[in-house]
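Only one structure is covered here, and it is reproduced in the block below.
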Amino acid sequence: MQRFADLLDRLILTPSRNGKLRLMEDYFRAVPDPERGWAVAAITRDLDIRSVKPAMLREMTAERVDAELFALSYDYVGDLGETISLIWPGKRGANYQVSLTEVVETLNAMSRTEARGTVATWLDALDPTARWALIKLITGGLRIGVGARLVKQALANFGGKPIQDIEELWHGLAPPYTALFQWLEGKADKPENAMKAPFRPVMLAHAIEEADKPRIDLSENAFEWKWDGIRVQAVAEGGQTRLYSRTGDDISNAFPDLVESMEFDAAIDGELLVYDPAEPPFAVRPFNDLQQRLNRKTVTKAMLADYPAFIRAYDLLWHDGQDLRGLPFEERRALLERFIDTEKPARFDLSPTVSVKSWEHLAELRANPPLDAIEGLMLKKRSSVYVPGRPRGEWWKWKRQPFLIDAVLMYAQRGHGKRSSYYSDYTFGCWRQDENGTDELVPVGKAYHGFTDEELKRIDRYVRNNTIDRFGPVRSVRASKEEGLVLEIAFEGLARSKRHKSGVSMRFPRISRLRWDKPAADADRLETLEAMIPD
Amino acid sequence: MIRPDQLLCPSPAGLYCPPGDFYIDPVRPVDRAVITHGHADHARAGHGTVLATPETLAIMAVRYGEEFTARRQSLGYGETTTINGVEVSFAPAGHVLGSAQAITTWKGMTIVCTGDYKRREDPTCPPFEPIPCHVFISEATFGLPVFVHPDTRGEIAKLLGSVQHNPDRAHLVGAYALGKAQRIITLLRLMGYDQPIYIHGALQRLCDLYEEHGVDLGELRPATIDAKDGPDGKKGGKQDFAGQVIIAPPSAIQDKWARRFPDPLPAFASGWMRVRQRARQRGVELPLIISDHADWTELTDTITEVNPEELWVTHGREEALVRWASLKGLKARPLSLVGYEDENE
Numbered sequence: 001m002q003r004f005a006d007l008l009d010r011l012i013l014t015p016s017r018n019g020k021l022r023l024m025e026d027y028f029r030a031v032p033d034p035e036r037g038w039a040v041a042a043i044t045r046d047l048d049i050r051s052v053k054p055a056m057l058r059e060m061t062a063e064r065v066d067a068e069l070f071a072l073s074y075d076y077v078g079d080l081g082e083t084i085s086l087i088w089p090g091k092r093g094a095n096y097q098v099s100l101t102e103v104v105e106t107l108n109a110m111s112r113t114e115a116r117g118t119v120a121t122w123l124d125a126l127d128p129t130a131r132w133a134l135i136k137l138i139t140g141g142l143r144i145g146v147g148a149r150l151v152k153q154a155l156a157n158f159g160g161k162p163i164q165d166i167e168e169l170w171h172g173l174a175p176p177y178t179a180l181f182q183w184l185e186g187k188a189d190k191p192e193n194a195m196k197a198p199f200r201p202v203m204l205a206h207a208i209e210e211a212d213k214p215r216i217d218l219s220e221n222a223f224e225w226k227w228d229g230i231r232v233q234a235v236a237e238g239g240q241t242r243l244y245s246r247t248g249d250d251i252s253n254a255f256p257d258l259v260e261s262m263e264f265d266a267a268i269d270g271e272l273l274v275y276d277p278a279e280p281p282f283a284v285r286p287f288n289d290l291q292q293r294l295n296r297k298t299v300t301k302a303m304l305a306d307y308p309a310f311i312r313a314y315d316l317l318w319h320d321g322q323d324l325r326g327l328p329f330e331e332r333r334a335l336l337e338r339f340i341d342t343e344k345p346a347r348f349d350l351s352p353t354v355s356v357k358s359w360e361h362l363a364e365l366r367a368n369p370p371l372d373a374i375e376g377l378m379l380k381k382r383s384s385v386y387v388p389g390r391p392r393g394e395w396w397k398w399k400r401q402p403f404l405i406d407a408v409l410m411y412a413q414r415g416h417g418k419r420s421s422y423y424s425d426y427t428f429g430c431w432r433q434d435e436n437g438t439d440e441l442v443p444v445g446k447a448y449h450g451f452t453d454e455e456l457k458r459i460d461r462y463v464r465n466n467t468i469d470r471f472g473p474v475r476s477v478r479a480s481k482e483e484g485l486v487l488e489i490a491f492e493g494l495a496r497s498k499r500h501k502s503g504v505s506m507r508f509p510r511i512s513r514l515r516w517d518k519p520a521a522d523a524d525r526l527e528t529l530e531a532m533i534p535d
Numbered sequence: 001m002i003r004p005d006q007l008l009c010p011s012p013a014g015l016y017c018p019p020g021d022f023y024i025d026p027v028r029p030v031d032r033a034v035i036t037h038g039h040a041d042h043a044r045a046g047h048g049t050v051l052a053t054p055e056t057l058a059i060m061a062v063r064y065g066e067e068f069t070a071r072r073q074s075l076g077y078g079e080t081t082t083i084n085g086v087e088v089s090f091a092p093a094g095h096v097l098g099s100a101q102a103i104t105t106w107k108g109m110t111i112v113c114t115g116d117y118k119r120r121e122d123p124t125c126p127p128f129e130p131i132p133c134h135v136f137i138s139e140a141t142f143g144l145p146v147f148v149h150p151d152t153r154g155e156i157a158k159l160l161g162s163v164q165h166n167p168d169r170a171h172l173v174g175a176y177a178l179g180k181a182q183r184i185i186t187l188l189r190l191m192g193y194d195q196p197i198y199i200h201g202a203l204q205r206l207c208d209l210y211e212e213h214g215v216d217l218g219e220l221r222p223a224t225i226d227a228k229d230g231p232d233g234k235k236g237g238k239q240d241f242a243g244q245v246i247i248a249p250p251s252a253i254q255d256k257w258a259r260r261f262p263d264p265l266p267a268f269a270s271g272w273m274r275v276r277q278r279a280r281q282r283g284v285e286l287p288l289i290i291s292d293h294a295d296w297t298e299l300t301d302t303i304t305e306v307n308p309e310e311l312w313v314t315h316g317r318e319e320a321l322v323r324w325a326s327l328k329g330l331k332a333r334p335l336s337l338v339g340y341e342d343e344n345e
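Written as structure tokens, this is what we have:
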């Protein structure tokens, strides 16, 4: 337990991605099977462990600690698990250090009452950090700021394999992943993914930069709209159906409406979108509607009715037992068209191709797409085979110009890790009239990238020299008609929001330019933003 | 016998002694002050007469200038003086250099005021000495049962281990300028770290003072990039600080000052680091749970050992310690004095 606890403790306090990867790689090197596999499962939330309710831990603590002293302590620490880990009176002479493996293996074989006594014995002998890790583990809330994707990257680094290999295998593996580790250490062959309907790592596109244009021969390419949803892979095989995100997370549970309609044997690459139930299929709704259905474990009937999901198909990777990824795009596309035409899957349609004559024509289409739900164009070389990752020169994306507004810097917050000595997170606002008819700034968004290191230094200096108030790590800066720093903000879209004072929320806001030259009074008004919201 | 509050009682300016007409650690200027130790919330400038240990008087002179008080009265550990009929003496508190418990006796009543204290290893000052008394006035900075600090040398070992594992990163250790910084340095030395240790400018004069009082800090160098002697003996460059230990006031380790170092690793030596979320909020990557205040175990063990007739609790989490005492059947009350700060905050 101690090694696992130390890992969690370090992960929580290490801000940098590379630092976290290194910690996990070191752990995989130092810790044998099956423990390291259980640790992986705990962090990726794939661990099936009999959970112990926080209320039960609280009761157990109450038997050992005065209620008033506990209440005062909990009040101070703020986190129940951490309070218990610190206040639990260790037992002198209790020295049996339970291992992570034993926790996983024994807890699942026990009744609730047995578990209570056993957990108490474990807590008696552990130090506060290990107690904290144990409590987090068995109450099922690690929350250490490490996602499944980062763990897979650490595994890939550890074994010197591409992350796509791990993603491809992932859903065929079960904790404690012994076969995976054996392969990563070169002691065994790559484990076969025997699971039906596996994930196939996705192929991605490069963004077109001005310098790329001369190297792209438009006549070699096919064109499609770039739809503003989320990229998914829908796989059905022998009755097994799965919907994967582009990183291979299984998101089937959130989209039962879609998954039920998958009565075929195929793997389809496409865009997950939400359509308007009042219109004939499939009138695409803006991204904000899709957002209502993301990151949910379960969905209500009302959600299914109001925000029905479908997939706009881009590619066919596998069909009736045949891997099609080695075929050129042109041939896959023909097979996809035939597939949609003959199978007519209820919640699928075909991403239409677009005919493009020239760069000028392409630029015009990009500037004036026919629908709000289109965020640009895709260029796919007709000869391209489907390979995972982002191969150079095969697929391109040309996103529409971002929206731009001028806003005034209102608050600045200290960054994290490398940027912790800089004020690098900015809240900015636009003008609106308050109830007395005078203009006031209302926050419309927050951005923490888009500027160079040099620009960061200048903004940081500006913030320090223009602070009017402080709240912990946040500074309020001068922002009035006469004084204030204007930031040009680029963003991808705008939606109505009840949670924000301004009533709007921005997608991917970032700072595109610093307008040291522009008077704060000339920054945009909230009405300008409201006019940008799609209906 | 008299009531204890006839000898000492809380007042807006601090703990007051009516028969002796003096205050202990007053928070505003008074005619006559008894000062337990040199931390700014206990030792303030501008009193008429200051009675303190010679070390504390020296610390105050360094921090506030020689004019910090109109008159100084020096009293060593174990010596006794009389102020308007009240006997006053000092016993070591083990908190920082010169720190003392103030012992007041009048008409057979003895009250010990601990100031701040701890019971753990500290090579920079003599250890706390339990004094029998009627009333024991204890601090309660870490007066909650969640505060049980781990072994101090284990925490220093964590720092040394991190330096070894991260030779490319400058280790910035936030430590209070008086006491904590010098304690960390001496503990590093005791555990075999013989490299030069770099210090922030704000620590220089206090480190010099400790040296003058016989505390050996080993080789210290200013943590400035353009210092004449960098770690390689030449003019210091940014990269020369990689893998080095740099000690600075807590506020500096996350501020502009820290930018001069290569990939700084922020560490913070404080009892508050026991609470993970506090470390995280401050952006501390390496929390070192090292305190100059007694933790819960030290507080309760000390009170049990001194075994007073009555316990008064001041600055910190008073309620919990009073609750603990009442569960033990010991008469206790919170003093609710204002003006004292939590360690390092």
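Respectively, the protein sequence lines represent chains A and B.
For the first sequence, the positions run 1 to 535 when the numbering used here is used.
For the second sequence, the positions run 1 to 345 when the numbering used here is used.
Just so you know, even glycine gets a beta-carbon here, dropped at the ideal spot from N, CA and C.
Every value quoted in this text rests on a predicted model; they were computed, and no experiment measured them.
Limits of the unbroken beta strand (DSSP E) element including residue i
i      : result
A:A234 : 230 to 237
B:G174 : 171 to 174
B:C9   : 9 to 11
Contact check, residue i vs residue j, beta carbons under 9 Å
i      : j      : result
A:G484 : A:Y448 : no
B:H293 : B:A248 : no
B:A380 : B:A100 : This structure gives no information on residue 380 of chain B, because the portion of chain B shown stretches from 1 to 345.
B:P19  : B:G85  : yes
A:A266 : A:K380 : no
Alpha helix (DSSP H) segment containing residue i, residue limits
i      : result
A:V151 : 148 to 159
A:V354 : Note, A:V354: premise wrong, no alpha helix (DSSP H); not H, not E.
A:L304 : 301 to 306
A:M56  : 54 to 62
B:M165 : Checking the sequence, you will find His at residue 165 of chain B rather than Met. 152 to 165 is the span of the alpha helix (DSSP H), which, as asked, contains B:H165.
B:L299 : 296 to 306
A:P256 : 256 to 260
Collapsed DSSP secondary structure at residue i in the structure displayed
i      : result
A:Y96  : coil
A:L487 : strand
A:A313 : strand
B:P19  : coil
B:R282 : coil
A:Y386 : coil
A:F403 : strand
A:Q240 : strand
A:I533 : coil
B:K228 : For B:K228, the predicted model reports a pLDDT of 48, less than 50, meaning its position is unreliable; a value from the coordinates is still stated below. The answer is coil: DSSP assigns B:K228 none of H, G, I, E or B.
B:Y64  : helix
Contacts that residue i makes with chain C (C-beta to C-beta distance below 9 Å)
i      : result
B:K238 : Given the protein chain composition of this structure (A and B), no chain C is represented.
Beta-bridge pairing of residue i - partner residues as DSSP gives them
i      : result
A:F471 : A:V474
A:M378 : A:E224, A:K397
A:G429 : A:V408, A:P443
B:T80  : B:S89
A:D265 : Paired residue(s): none; A:D265 is not in a bridge.
A:M203 : A:G389
A:R496 : A:V504
B:W312 : B:I137, B:R333
B:T110 : B:T105
A:F348 : A:I311
Residue i CB to nearest heavy atom of the ligand NAD below 8 Å
i      : result
A:P214 : Here there are no bound small molecules, and the ligand NAD is not part of this structure.
Sufficient close CB pairs (3 or more, under 8 Å) joining the segment 488 to 499 of chain A to the segment 458 to 469 of chain A: no
Three CB pairs or more closer than 8 Å across the segment 526 to 534 of chain A and the segment 267 to 283 of chain A: no
Touch test, the segment 414 to 429 of chain A against the segment 231 to 241 of chain A, Cβ-Cβ under 8 Å, three pairs minimum: In this structure the segment 414 to 429 of chain A does not touch the segment 231 to 241 of chain A; the number of beta carbon pairs closer than 8 Å is below three.
Segment contact, 8 Å Cβ cut-off, at least three pairs: the segment 507 to 514 of chain A with the segment 298 to 307 of chain A: Judged by pairs of C-beta atoms under 8 Å, the segment 507 to 514 of chain A does not touch the segment 298 to 307 of chain A, as fewer than three such pairs exist.
Cβ contact (3+ pairs, closer than 8 Å) linking the segment 195 to 210 of chain A and the segment 54 to 69 of chain A: no
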